[in-house]
Amino acid sequence: MIASVLDLVHRRGAAADACLRDQTTLTLKFESGRLKENALAQEAGLNLRVFADGRFGVAGTTDLTAVDDVVARAFASCAEGEELRTDLPRAGIIPVVETFDERAAGLGVAELAALGRVVVEQLQRPGWQVSAAVDRVVETTTIANTVGQSVSYRASAISVSAEVTRVAGDDVLMAYETLAGTGVPESGALDGAARTIITKIERSERIAGSPEGRLPVLFTPEGMAALLLPLRQALSGKTVLQGVSPLGDKVGQTCFDAAFTLVDDPLLPGRLGSRPADDEGIPSARLPLVERGVLRGFVYDLETAARSRAVSTGHAHRTTFGKPGITYSNLLLTPGTRDEAGLLEEMGHGLVVDELIGVGQGNVASGAFSHPVALAWRVDGGEIAGRVKDAAVAGNAFDLLKRIRAIGRDAKWLGGSRLVPPMLLDGVSVARR
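So, in structure tokens, the structure goes:
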């Protein structure tokens, strides 16, 4: 279909690019430790963008026979569309990236259920409510344009997630863990996911009062969300273009602690954010964003690059409907050297934050956050003293990342595309609620 659509556009004297994606998802759900549901879903969609007379318009369809209709709607959108002049990428060298695992793509219900049971059976305890989900996704993506660029690749994904809810009187405790990648998770990784959940619950059996004041706080990889979300927004070319990024004019300047390095890498084998090209056909490349505290650059798609007089970094993502937008591939925050015991010893007295409530709400762009904890532990004398139920933490991500006391070595892949280590930060405001 994509060739026919582009040919029709070309005949009318306009330029265009298109993204065709076909995705099949098999989902299994476990409740109370038992397999309760499995569902198979398939969806294919085409996103077409037309450029004519200095404007562009977008149309999408899930009816892959409606060639004339989607072209007509894209031209109609273009006539009323935004002004934009940009050069579409021409045919060139596309890197080879490992995004597809034949074994993972071929797993059926029985094999996927076995993966879920490996985790679920280890979590069976009196009073523990265990739920889990296993997903297998197989996807084919094709990107092409009217100036000769054409990229097609397959991707696979397997994710296994589990959650335990433990109710004791009026105390409700929840702990979860997720594994995700392009291949089939090894038994050791599944065992590790179960052990992580068990450790979280066992550490939480004892309740401790919240410490107070400006304290060192150890953010686990999951807890780092409150700090990384504003950073991801600030590094987007869109927020820079809008003039709301606190980092917009600081390229080449030291903005963070020298221990902080952040890279976006779409070329990693077996990771969910990997791809040979973005959804506009820009070949993928590793992109340093922050090196030893120094800001190196931002992520752009074709539109934001053109409006900013910059160059696309290959970070466009397209859904079936709507214009392309900026997204990251695989974000890697460079790990440190300390294990957990070393981080706790370095902290002495403070708080470990694993999960916060309300991340993403409020004025994220400024970096300021103030959130109650959902799962956190008090630390005294370098040892975990118990779970804190009544604490809130506050600070500014851009300020705190200038005061890194230590970074842990045990980095974790979150969502299959973000490698995040634990981080010990100084001067976080901790208060009782």
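Counted the way my numbering counts, the sequence shown spans residues 731 to 1163.
Even for Gly, the Cβ is constructed at its ideal location relative to N, Cα and C.
Partner residues in the beta bridge of P1013, as assigned by DSSP, are A1007. Counting only residues of its own chain and dropping the five nearest sequence neighbours on each side, S891 has a CB closer than 6 Å to the CB of A863, T908. With a cutoff of 9 Å on beta-carbon distance, K980 and L1025 are scored as near each other.
Rounded to whole angstroms, the gap between the alpha carbons of G1080 and G1157 is 10 Å.
By the neighbour-count criterion, in which 16 or more other beta carbons inside 10 Å mark a residue as buried, V897 falls on the exposed side. Ranked by Cα distance from T795, the options G787, A771, I732 are led by I732. Apart from sequence neighbours up to five positions away, the residues of its chain that approach E1113 with a beta-carbon distance below 7 Å are L1074, ordered along the chain. Less than 9 Å divides the Cβ of P960 from the Cβ of G1097. Comparing alpha carbon positions, the residue from P1151, G1023, R1016 closest to Q983 is G1023. In the structure shown, the three-state DSSP call for D737 is helix.
Shown here, T755 sits in a strand according to DSSP, grouped into three states. When R764, V739, I1012, G978 are compared, the shortest CA-CA separation from V788 is found for V739.
Straight-line measurement puts the Cα of L1149 at about 13 Å from the Cα of G953. Counting the other Cβ atoms within 10 Å of the Cβ of K1053 gives 16 or more, which makes it buried. Residue pairing by DSSP puts T872 in a beta bridge opposite L750, S882.
Annotated as distal: N768 and P819, with beta-carbon spacing of 9 Å or more. Rounded to whole angstroms, the gap between the alpha carbons of A844 and T929 is 23 Å. Note that the C-beta distance between T754 and V914 is not below 9 Å. Annotation for F949: L957, V1083, P1152, M1153, L1155 place their beta carbon closer than 7 Å to its own, counting only its chain and skipping 5 residues before and after.
In the three-state DSSP reduction, S762 falls in the coil class, being neither helix nor strand. For the beta strand (DSSP E) assignment, the uninterrupted runs of no fewer than 3 residues enclosed by the stretch 873-953 are, from N- to C-terminal side, 880-898, 901-911, 943-949. Measuring C-alpha to C-alpha distances from L1061 to each of A1015, D987, R1117 identifies A1015 as the nearest.
Ranked by Cα distance from A989, the options L736, S734, K1132 are led by K1132. Contact between the stretch 1027-1046 and the stretch 840-856 is not established, with fewer than three Cβ pairs separated by less than 8 Å. Within the same chain, and ignoring the five residues on either side of R779 in sequence, the residues whose Cβ sits closer than 8 Å to its Cβ are A746, D747, A748, F786, G787, V788, A804, K1053, P1054. Following the DSSP letters along the chain, one finds G967 inside the alpha helix (DSSP H) bounded by residues 967-972. The alpha-carbon of E810 is positioned some 59 Å away from that of Q854. DSSP lists A1121 as the beta-bridge partner residues of R1162. The beta-bridge partner set that DSSP reports for P1018 consists of V993. In this structure R833 is exposed. Its beta-carbon is surrounded by fewer than 16 other beta-carbon atoms within 10 angstroms. Within the same chain, and ignoring the five residues on either side of A964 in sequence, the residues whose Cβ sits closer than 6 Å to its Cβ are S975, P976, L977. Straight-line measurement puts the Cα of A774 at about 21 Å from the Cα of S889.
If you look at P1102, you'll find it in the beta strand (DSSP E) that goes 1098-1110. Relative to the Cα of I1137, the nearest Cα in the group C808, T1067, G763 belongs to T1067.
Pairing R866 with L903 gives a Cβ-Cβ distance that is not under 9 Å. The beta-carbon separation of V1123 and S1147, rounded to 26 Å, does not stay under the 8 Å limit for a contact.
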